Amino acid sequence: MASQDSSQAIHRLIQITDSHLFADENTELVGMNCQEGLTDVVELVKEHEDQIDAVLCTGDIAQDASLLAYNRFAEKIDELRSPQLWIPGNHDIPGRMQEALGTEHPALNHTLRLGKWGVVMLNSCVEGCIYGKLSESELEMLAKELKLLHQEERYVLLAVHHNPVPVNAEWLQNHSMQETEEFFRIIDAYDNIKAVIFGHIHQDFKIVRNNVLMLGAPSTSIQFHPEHDYFSLDKENPGYRWLSLHPNGQIATGVRRVVGKIYKLDLSSKGY
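The sequence shown: position 218 = 1407 (the working numbering), numbered continuously.
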């Protein structure tokens, strides 16, 4: 576990998600060059973020789960010169991620402590499936970490790839986190959990459930239309979510997107 002692500081986190890189950096996903999108978003982060306490990479890092894609992603995120945590998405292969990073790399840690806060990263991937689910061992880890963080009187932010709550795009419902009852039973027992952030939905999203923020983020690659009942791309540009964690448990957050650029997209695509 990583630890930083700054109990009265405001901690700045950046969420990077759904980069969908390929082994060949020129390969396109429904018309878009995903490497270009990630590069532009990292440059955007450099332009706007003076001090980053952690970069949370919330899955679908690679579209083809190739070692080359993971290595290129790591090189790009390393440019931000900040601690980073990775979790897999449904397109990722965790073992390949570990191979790229090395099994002892701190990016693979479950938990990061930042002053009055604890960040817990959850693996929701089910091998060979688009939808997500937290395994029994992952739920046990979550329960253990939450107990410790509560004893330490820390506020908590959880990060996972699959959305645990419904979104407005109906076609995404079958691809979301399934069997969420135990997940919510565990987290509903604590009043120090302040937010759950996730990727997967390729769009800005924000609701409050049981006094906990549920936050989706734009992808660094293609964006999904937030309202359609079927697969549909949005013309919104790639971006990232920022979060400021205050020592009193408050969270300020927003998204920032690339501006002044039009990306090549196949808007007629029915999926990938």
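Backbone N, C-alpha and C fix where the C-beta goes; we use that ideal spot for every residue, glycine too. Keep in mind it's a predicted model, so treat the numbers as computed, not measured.
Nonlocal neighbours in the same chain, by C-beta distance under 6 Å from residue i, ignoring five residues either side
i	result
S1421	H1414
L1323	S1313, F1372
D1393	P1407, V1444
Y1320	H1364, Q1367
E1425	Q1412
Length of the line joining the Cα atoms of residue i and residue j
i	j	result
C1314	I1282	9 Å
V1230	Y1429	7 Å
A1263	L1335	29 Å
V1345	E1325	21 Å
G1301	H1435	The sequence as given places Leu at residue 1301; Gly does not occur at that position. Cα-Cα distance, rounded: 16 Å.
L1463	I1396	With the chain running from 1190 to 1461 in the structure shown, residue 1463 is simply not present.
I1250	D1207	6 Å
A1378	E1368	18 Å
S1433	L1257	32 Å
P1355	L1328	20 Å
Y1452	T1216	14 Å
E1293	I1440	31 Å
M1403	W1431	14 Å
Q1224	A1254	14 Å
L1218	L1227	13 Å
V1401	Q1240	26 Å
Counted within 10 angstroms of its Cβ, other Cβ atoms place residue i as buried (16 or more) or exposed
i	result
V1448	exposed
R1270	exposed
L1213	First, the residue type needs correcting, since residue 1213 is Asp and not Leu in the sequence shown. Under this definition D1213 is an exposed residue.
R1398	exposed
S1410	buried
A1243	buried
Beta-bridge partners of residue i, as assigned by DSSP
i	result
S1433	R1201, A1441
Residues near residue i by beta carbon distance below 8 Å, same chain, minus five either side
i	result
A1348	Q1204, L1245, T1247, L1274, I1276, V1308, V1309, M1310, L1311, V1385, I1386, F1387
C1318	N1279
A1332	I1375
Nonlocal neighbours in the same chain, by C-beta distance under 7 Å from residue i, ignoring five residues either side
i	result
N1352	S1365, M1366, F1387, H1389, I1390, G1405
M1330	H1299
Counting only runs of 4+ residues fully inside the region 1342-1430, write out the alpha helix (DSSP H) ranges in chain order. DSSP runs (the alpha helix (DSSP H)) wholly in the region 1342-1430: 1370-1376.
Within the region 1201-1285, note down every full beta strand (DSSP E) run reaching 3 residues or more, in order along the chain. Uninterrupted beta strand (DSSP E) stretches at least 3 residues long and entirely within the region 1201-1285 occur at 1243-1246, 1273-1275, given in chain order.
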